[in-house]
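Visitor: Residue numbers (this note's numbering): -12 to 169. Following this message is one structure expressed as structure tokens.
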């Protein structure tokens, strides 16, 4: 099953996702095993690169049926590699919980998605990872950026050493040509 087969997930959220508790916050978990597997493998495969500070940002992009980008969630990630102290797990968990809570109330910031959408997860690396086998799972792409500065809506920032995380939402500028792709 391809990612595009989940094209109207947000419209069918009740069927595609179920409410679960994670870190004492209500989150949505994919019900379909292949969708859950895709999300899990994408995040698990990125984890070693995030821990090494190689990942700059992770995007979740939504495209209309002509594959024109209509919405992008951007997770900007920074891991302090020189942080030598023991990580205060309670502090980090508190910061992550606050981040998750903010995600649950971000829906009013999004625009209704039309039928027939598709989506993908992309990662941007600070440096290309070495030639190890895990790095080969991530395929370089020639994706283009929007020509006009996008409309950016900040959602949440957190800083809890050694992790800093920002989440913002991008929509194409209203004057953006409709044929340009991200």
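We put the beta carbon where it would ideally sit given N, CA and C, even for glycine. Keep in mind the model is a prediction, meaning the values are calculated, not measured.
Buried or exposed: which applies to residue 104, given that a residue is buried once 16 or more other Cβ atoms fall within 10 Å of its Cβ?
Guide: Burial call: buried.
Visitor: Please look up how many angstroms separate the CB atoms of residue 44 and residue 60, rounded, as I've assumed it's under 8 Å.
Guide: That belief does not hold up - the Cβ atoms of residue 44 and residue 60 are roughly 10 Å apart, past 8 Å.
Visitor: Taking the alpha-carbon positions, what's the residue 25 to residue 52 distance?
Guide: Their Cα atoms are separated by approximately 21 Å.
Visitor: With respect to the beta strand (DSSP E) encompassing residue 153, which residues constitute its N-terminal and C-terminal limits?
Guide: Per DSSP, residue 153 belongs to the beta strand (DSSP E) from 150 to 158.
Visitor: Express the C-alpha separation of residue 11 and residue 112 in angstroms, rounding to a whole number.
Guide: When rounded, the distance between both Cα atoms is 31 Å.
Visitor: What did DSSP end up calling residue 87 once you bin it into helix, strand or coil?
Guide: In the structure shown, residue 87 sits in a helix (DSSP, three-state: H, G or I).
Visitor: Check the DSSP bridge columns for residue 58 and list the partner residues they point to.
Guide: 49.
Visitor: Just the C-alpha distance for residue 134 and residue 77, rounded to the nearest angstrom, thanks.
Guide: Their backbone Cα atoms lie some 42 Å apart in a straight line.
Visitor: Let me know the secondary structure DSSP gives residue 162 once reduced to three states.
Guide: Residue 162: coil per DSSP, three-state reduction.
Visitor: For the putative contact between residue 65 and residue 151, defined by C-beta atoms under 8 Å, what is the C-beta separation to the nearest angstrom?
Guide: At roughly 4 Å, the Cβ-Cβ gap stays under 8 Å, so residue 65 and residue 151 are in contact.
Visitor: Count the other CB atoms, across all protein chains shown, that sit within 10 Å of the CB of residue 96; report buried if there are 16 or more and exposed otherwise.
Guide: With fewer than 16 Cβ atoms within 10 Å of its Cβ, residue 96 is classed as exposed.
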